[in-house]
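Student:
Given below as structure tokens:
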């Protein structure tokens, strides 16, 4: 019965219009803003469920398609659709938005209606970006979401928020404009802005490399990859908790999604030529950024660096494909790497969200993110400590949690490519254990450090609920990843078959 | 030589505006200062009626009249309507500003109406002479408008600069025109184009010589680098209401002027003027965007921003394709709407003795008046070219025009400078949303009637046109390509 509904349009416009409604109705009534915001977020989440249940497994076709003429002069269409790559990310977005809205309940005190509105509008824009089949439509959503995020960090952020938010905006803007030029160039060649038409467009190697680099600028900044990652720690540290959660759980995934949707299928030959660069950058992210994370004294900064290291696994998984092919002569392992990267993205969405929320819980109580200000939290907040340890374990990739599945798949794929790549990638298991468990040791365990910690109260029902939901998904994905893999399989096989064909 | 009565019909809007301008001039002379609103109302009614006439007579065919010195085609109709709309907005925004400063005089509106007439003739000129006449009518009205707050020394200084440099540009233009006339033997745009196609190789050097003067004069009038010096000084020195006027509608007319002269007239020499315009475009983008960062006055900042926008406009035109011209036309209309809103906001925030023309004056606007901070946010993001505002599609269109003729490097230069440009627009957003209000501006801004409503509509139009850009884009494509 849902098949004929414009589900995707509903998912895009319900939160955007709902956000403006919250703005109008809740300006002078914080309670209205909170409840209405929650209602919209939950409504969007419920509306996104049909995507999961009605989704046809076993086909790489775009599903839930909607098509309407938008800018006839440039042959740009309002063309929506999802496949096995974008659908899980949309569900992640709707779920995380509910979490963020609830998390803001008490912790955001200033101009709550604006905050809720910004979050909901951002949700709609992110879903729109994941669902776009038209490159201009994609770009519009891709850029438009910078505006609410810019305001969220700038208005509700910490002391250096202005610096952080300007850096965030200009970095991402810088990356994306080159992609715009590349998209326009391909439009001139193909006469269409449909992304699928770009996939089929034959392009010479030089042009492919330039296009690849343009996409690389856009998506590497988003992920972020070394060496364009420096905006992320600043943005994370200064952003309010909800902003950090959205940033880590969803916005970083946009870069990974972009590589799968644009770079690999549009420029397969350039990807094959430049894969060493991508693999080296990914390994630097995994090893070097992991080391950087070790020495952080600010909890949020530590988790931010850990995010960069974990996203290194995503790009590693994606770009191993060609290496594996030249090594083993078949594309079997390539699917494994890409699927591993996808699982890692979803899993990181849950884990990083939970970690930032956990820091938010502590910050709400003591207004400090410094590790040195804590110690022995387990004595006063046992429930919180239990969750914190669980997510820390998930972050290190403990089997049974979702963090394990993706990393394991990527390392497995790496072994097919080259032993040393696998070896370096696997050091993350040690490094992540190092920085995460050391964090746990210093913050959670030990004797009660000071009077402030002694006066802490454990999580309330709201916080407990948020942590519980995220813990549930982390464990579910950890022990039973099959449904997720099932959804992605056909699409990833199709993608691998596509990049196996040279475009030259 | 036989004299035949020309077809007056295509020029009815021009004749109507001329008649009304003369009539209002007379009526205004008999009005006491307290009844100045009658002048205002009549001028606005004239614009509305002229828009009605133009729309009513709109048609797909190209009509030449007055011995082929005047042309009416879809491009002219659409650009004229755009001029009426922006001028209407400008007069509406200006009235409270003028009233508060005790300079609410009839001259402002009458001069404005004559300037509108000049623009209409520029848009419909099909002969070097008629084009020149239109331009001079606009320029002379503009000089007087800048000077019209005569007690204000800065405005007078700005007027002086504007007049001297503008006169110089007109001289260059005439010189170039005379060269072209000498080589082709005609003032008629269509005949010039035909002569150029048939022209002998040996005429090439004098023709390019003439062309250089035309391009320089056009660059002067539009304010492209390196002929931009007057723009920041005049924008800053003129009363904000006049700046608002100079920055909007005349750019639309200047676009048409450029189309008639360079594209329709000198079209066969496209290869020659393309190179010149590339230099002008790159310089304008670079200088406009970089120097805007250093400004503390928002009027000067927007002046440099205008220079950068001219660079983008040139990118569309120099492509030399129909879709490039259509993109440039879209760009100039979008620019006029956005600039009207931007300068309108300065007018809106200013009061007697407080001009709100410093960037710092925007500090904390989100706390003082969240709604208008939001409107300004939309306008600034549109100028920066961030979707979903309409400014993005304007940039998309001109970049596409450049990429379409293999000028990818130019497109990349343009986007790099647009990132640099994004910084100074963002800085204003930062002041509005992240900073606390300054002492002098602590009291909430009171929205007042028509101005507030129009400004809100202006801002929302930037967003709505961004969500539904198809109509306006199709319209400009229809105007150029048919």
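Residue numbers (this note's numbering), protein chains in the order written: chain A, 1 to 504; chain B, 505 to 986. Note that beta-carbon positions come from the ideal geometry of N, C-alpha and C, so glycine has one too. From a predicted model like this one, the values you see are computed outputs, not experimental measurements.
1) If you follow the beta strand (DSSP E) that residue 223(A) is in, where does it begin and where does it stop?
2) Please list the terminal residues of the continuous alpha helix (DSSP H) segment that includes residue 904(B).
3) Out of 984(B), 961(B), 635(B), which has the shortest C-alpha to C-alpha gap to residue 589(B)?
4) Against chain B, with Cβ distances strictly below 8 Å, would residue 161(A) count as a contact?
5) Using only alpha-carbon positions, find the residue among 358(A), 77(A), 348(A) that is nearest to residue 69(A).
6) Could you check which residue in 582(B), 745(B), 885(B), 784(B) has the C-alpha nearest to that of residue 833(B)?
7) At least one CB of chain A closer than 8 Å to the CB of residue 813(B): is that the case?
8) 8 Å is my cut-off, CB to CB: does residue 29(A) come that close to chain B?
9) Between the Cα of residue 87(A) and those of 139(A), 129(A), 370(A), 432(A), spot the shortest distance and give me the residue it belongs to.
10) Of the residues that make up the stretch 163 to 179 of chain A, which ones have a beta carbon closer than 9 Å to any beta carbon in chain B?
11) Could you check whether the Cβ of residue 785(B) sits closer than 8 Å to any Cβ belonging to chain A?
12) Please check if any C-beta of chain A sits within less than 8 Å of the C-beta of residue 922(B).
13) Please check if any C-beta of chain B sits within less than 8 Å of the C-beta of residue 72(A).
14) Once you ignore the five residues that flank residue 37(A) on each side, which residues in its own chain have a CB closer than 7 Å to its CB?
15) If distances are taken between C-alpha atoms only, which option among 414(A), 91(A), 445(A) comes closest to residue 276(A)?
16) To the nearest angstrom, how far is the alpha carbon of residue 635(B) from that of residue 627(B)?
17) Within 10 angstroms of its Cβ, does residue 238(A) collect 16 or more other Cβ (buried), or is it exposed?
18) With 8 Å set as the bound, which would you pick, yes or no: does the beta-carbon of residue 185(A) sit closer than that to a beta-carbon of chain B?
19) Just to confirm the assignment, what range does the beta strand (DSSP E) spanning residue 71(A) have?
20) Using CA coordinates, which residue listed in 6(A), 75(A), 105(A) is at the minimum distance from residue 184(A)?
21) Nearest-angstrom Cα distance between residue 732(B) and residue 700(B)?
22) Could you work out which residue in 298(A), 213(A), 467(A), 288(A) is closest to residue 258(A) when comparing CA atoms only?
23) Near residue 460(B), which residues of its chain fall below 6 Å by C-beta distance, leaving aside the five closest residues on each side in sequence?
24) For chain B, check one thing: does any of its Cβ atoms lie closer than 8 Å to the Cβ of residue 181(A)?
25) Quick test of your reading: residue 153(A) and residue 255(A), contact by CB under 8 Å. State the CB separation rounded to the nearest angstrom.
26) So, at 7 Å on beta carbons, what are the nonlocal neighbours of residue 899(B) in its own chain, with the 5 sequence-adjacent residues on each side left out?
27) Give me the subset of the stretch 265 to 296 of chain A whose CB atoms are less than 7 Å from a CB atom of chain B, sorted by chain position.
28) DSSP state of residue 801(B), grouped into three classes?
29) Quick one: give me the first and last residue of the beta strand (DSSP E) that residue 725(B) is part of.
30) Give me, in chain order, the residues of the same chain whose beta-carbon lies closer than 6 Å to that of residue 219(A); leave out the 5 immediate sequence neighbours on both sides.
31) If you measure from the beta carbon of residue 21(A) to each beta carbon in chain B, is any gap under 8 Å?
32) Our contact map puts residue 621(B) next to residue 522(B) with C-beta atoms below 8 Å; I'd like the distance itself, whole angstroms only.
33) Give the straight-line distance between the Cα atoms of residue 854(B) and residue 156(A), rounded to the nearest whole angstrom.
34) Tell me the rounded alpha-carbon separation between residue 811(B) and residue 829(B).
35) Which runs of the beta strand (DSSP E), 3 residues or longer, sit entirely within the stretch 72 to 154 of chain A?
36) Judging by CA-CA distance, which residue of 357(A), 140(A), 341(A) is the nearest neighbour of residue 385(A)?
Tutor: With the given structure in hand:
1) First-last for residue 223(A): undefined, no H or E at that position.
2) 894 to 908
3) When 984(B), 961(B), 635(B) are compared, the shortest CA-CA separation from residue 589(B) is found for 961(B).
4) yes
5) 77(A)
6) With distances taken between CA atoms, residue 833(B) lies nearest to 582(B) out of 582(B), 745(B), 885(B), 784(B).
7) For residue 813(B), no CB of chain A lies under 8 Å from its own CB, so it is not counted at the interface with that chain.
8) no
9) 129(A)
10) 165, 166, 169, 170, 173, 174, 177, 178
11) no
12) yes
13) yes
14) 22, 101, 116, 120
15) 414(A)
16) Take the alpha-carbon of residue 635(B) and the one of residue 627(B): they are about 8 Å apart.
17) buried
18) Under the 8 Å criterion on CB atoms, residue 185(A) is classed as interfacial with respect to chain B.
19) 63 to 71
20) 75(A)
21) 30 Å
22) 213(A)
23) Residue coverage of chain B in this structure runs from 505 to 986, which leaves residue 460(B) outside it and unanswerable.
24) yes
25) That belief does not hold up - the Cβ atoms of residue 153(A) and residue 255(A) are roughly 18 Å apart, past 8 Å.
26) 816, 889, 922
27) none
28) strand
29) Per DSSP, residue 725(B) belongs to no beta strand (DSSP E); it is in the alpha helix (DSSP H), 708 to 726.
30) 255, 258, 259
31) Using a Cβ-Cβ cut-off of 8 Å, residue 21(A) does not count as an interface residue toward chain B, since no Cβ of chain B sits closer than that to its own.
32) 6 Å
33) 29 Å
34) For residue 811(B) and residue 829(B), the distance between alpha carbons rounds to 19 Å.
35) 76 to 82
36) 357(A)
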